[in-house]
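From first to last, the protein sequence lines stand for chains G and V. Residue numbers for the first sequence follow numbering that gives the first Met the number 0, so the first one is 0 and each next one is one higher. Residue numbers for the second sequence follow numbering that gives the first Met the number 0, so the first one is 0 and each next one is one higher. Quick reminder that beta carbons are idealized off the backbone N, C-alpha and C, glycines included. Keep in mind the model is a prediction, meaning the values are calculated, not measured. To start, the structure itself, in structure tokens.
Protein chains: 2
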Amino acid sequence: MAANTPNFAGQCALLLSSCRHGFGELAKLQAVEGAMLGRVRVAGFAVSLDGFGTGPEQSLQDPLGKRGKELHSWFFGTKTFKAMFGESGGSEGVDETFAHRSMDGFGAFILGRNMFGPVRGKWPDDNWKGWWGDNPPYHAPTFVLTHHAREPIAMEGGTTFHFVTDGIHAALERARDAAGTGNVKIGGGVSTVRQYLQAGLVDELHFALSPVLLGRGEAMFEGLDLPALGYRVMGSTATDLATHVVLGRKESE
Amino acid sequence: MAANTPNFAGQCALLLSSCRHGFGELAKLQAVEGAMLGRVRVAGFAVSLDGFGTGPEQSLQDPLGKRGKELHSWFFGTKTFKAMFGESGGSEGVDETFAHRSMDGFGAFILGRNMFGPVRGKWPDDNWKGWWGDNPPYHAPTFVLTHHAREPIAMEGGTTFHFVTDGIHAALERARDAAGTGNVKIGGGVSTVRQYLQAGLVDELHFALSPVLLGRGEAMFEGLDLPALGYRVMGSTATDLATHVVLGRKESE
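Okay, structure coming up:
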């Protein structure tokens, strides 16, 4: 009635095969990436087992919503994450490779307004300048989708926040112009990524599926038929902390 | 602009650490399982990246719905799956350990009516006896939830299908009686598992998250707040083909 004694050799062989599989996928992705510039990408986008990309009740205390941080465990230990905050060290494995890919090679970023901050409705003043302090991790023109106009804000380190009030297509056009030969990252949150997906404007997505249950929050996939929108799984590889799945569009093959 | 050259040694070290992590989790699960009999379990339940537990449009040709088979790639190669159909061979790694746990130690099973077959409404006759041929893989009393009464069917190999018309609680009571000191498996499909979860009647769940996009089908987690229902992640481990996540109830600690 008890389960089999684990077959240690068999399990290790399987994980080493997974290891090789991971290398193959990464090499393939890097080849794709090297060959194609000017792409629109979603990357490093964490999702819970139950499909939430953000926890509920975002606030100044909980920028990612309640328990939202737990989605990003795979990212926090990486060299890329530490470097974003001026720290050295950090992991260098598969999680790091995806973390690096999620921040590197972008000439412009697009963010939803709630990803930019907890302020809703009209801007009461110009005080709020994002969650990230004086030197945000974007280092490039960053377009914030909003219904409420505001002057651009030039931050330290090359990030300038531009506020776009005429919709997702206009924001992408401006971001493409700003990015030149670089890629454009749709940074989030859930609602922004869903809008760009539904409009068929995303070339590649990397989801980091975290083995976490949130129960509530912003549902990433609900009512979204990604195969019908032209997306398919290009590859996947797993670590202790996340299963990394890359989606591409069928016509990109 | 290109991503880092993969750090091969680092990636292997990480995957080997995942390997060790997997063993620890499996050993813990087996200890829990050995100590606690008479549990109600969902096991080997595959879910797509976008949260579907079954494809759409189930039919005689597609018992798991369209493209539903793709969810179960992790299972088809295992020793347990092959043995279910009288074949030898098959994998013996982590996927096999979870496959074995998903069919072993059960004294009774509960299935939703659509998992039993494609017939809807009143039974037109007694011809339909499940998808599995004369010798179904349950080898124990198996209770089928339905609104339409029918006489029990004794199959070869110890499976008897009983048709329960008075609801999920009654079915579980009968299954517990039949199972004795064995566990009861809620075999599926999605709707049946959701009903037992919402009623707080499941002790442990194993989901095999497959890196597949279905787009349509039966959504497993939509509108289900599992943490609020008392569930938490007990452990997870990944292979090439699936990320295995085990959920338990907080009060089982």
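Are V:Gly50 and V:Glu203 close, meaning C-beta to C-beta below 9 Å?
no
Nearest to G:Leu246 by alpha carbon, out of G:Val211, G:Ala218, G:Gly199?
Residue G:Gly199 holds the alpha-carbon nearest to the alpha-carbon of G:Leu246 among G:Val211, G:Ala218, G:Gly199.
Which whole runs of the beta strand (DSSP E) in the stretch 156 to 238 of chain V are 3 residues long or more, in chain order?
159 to 163, 182 to 187, 203 to 209, 230 to 237
As a quick exercise: from V:Arg119, V:Leu213, V:Leu223, V:Gly67, pick the residue whose alpha carbon is nearest that of G:Asp224.
Nearest of V:Arg119, V:Leu213, V:Leu223, V:Gly67 to G:Asp224, Cα basis: V:Leu213.
What is the DSSP secondary structure of V:Phe105, reduced to helix, strand or coil?
strand
Report the residue from V:Thr159, V:Lys249, V:Gly229, V:Glu217 whose alpha carbon sits nearest the alpha carbon of V:Phe108.
V:Thr159
From what residue to what residue does the beta strand (DSSP E) around V:Phe51 run?
51 to 53
Starting from the Cα of G:Asn262, find the closest Cα among G:Ala174, G:Gly116, G:Trp122 and give me that residue.
Outside the modelled stretch of chain G, which goes from 0 to 252, sits residue 262 of chain G, for which no answer is possible.
Assuming V:Glu155 contacts V:Asp133 (C-beta within less than 8 Å), just tell me the rounded distance between them.
5 Å
Checking contacts by CB at 9 Å: is G:Asp202 closer than that to chain V?
No, G:Asp202 does not count as interfacial toward chain V.
Assuming the contact rule is C-beta atoms closer than 8 Å, G:Leu144 and G:Thr191 should be a hit. Round their C-beta distance to whole Å, please.
6 Å
How many angstroms separate the CA atom of V:Val244 from the CA atom of V:Gly166?
So the two alpha carbons sit approximately 29 Å from each other.
My output table needs one value for V:Val93: the three-state DSSP class, helix, strand or coil.
helix
G:Ala139 and G:Gly157 look like a contact to me (Cβ under 8 Å); what is the Cβ gap, rounded to whole Å?
Their Cβ separation, rounded to whole angstroms, is 6 Å, which keeps G:Ala139 and G:Gly157 in contact under 8 Å.
Verify the CB distance criterion: does G:Glu56 have a CB-CB separation below 9 Å to chain V?
no
Around the C-beta of V:Thr242, are 16 or more other C-beta atoms found within 10 angstroms, so that it is buried, or is it exposed?
Burial is judged here by how many other beta carbons sit within 10 angstroms of a residue's own beta carbon; V:Thr242 has at least 16 and is buried.
Buried or exposed for V:Leu208, please, with buried defined as at least 16 other CB atoms from any protein chain shown within 10 angstroms of its CB.
Counting the other CB atoms within 10 Å of its CB gives V:Leu208 a total of 16 or more, which places it among the buried residues.
Where V:Arg40 falls: helix, strand or coil (DSSP):
strand
Would you kindly report the start and end of the unbroken alpha helix (DSSP H) that includes V:Arg119?
Per DSSP, V:Arg119 is not a residue of any alpha helix (DSSP H), being assigned neither H nor E.
Partners in chain G for V:Phe80, counting only beta-carbon separations shorter than 8 Å:
Going along chain G, no residue has its Cβ under 8 Å from V:Phe80, so there is no contact; the nearest lies around 14 Å.
Per DSSP, what kind of secondary structure is V:Ala139 in: helix, strand or coil?
coil
Within 9 Å of any Cβ in chain G, is that where the Cβ of V:Pro135 sits?
no
Within a Cβ cutoff of 8 Å, which residues of the same chain sit near G:Leu48, ignoring the five residues on either side of it in sequence?
Leu208, Ser209, Pro210, Val211, Leu212
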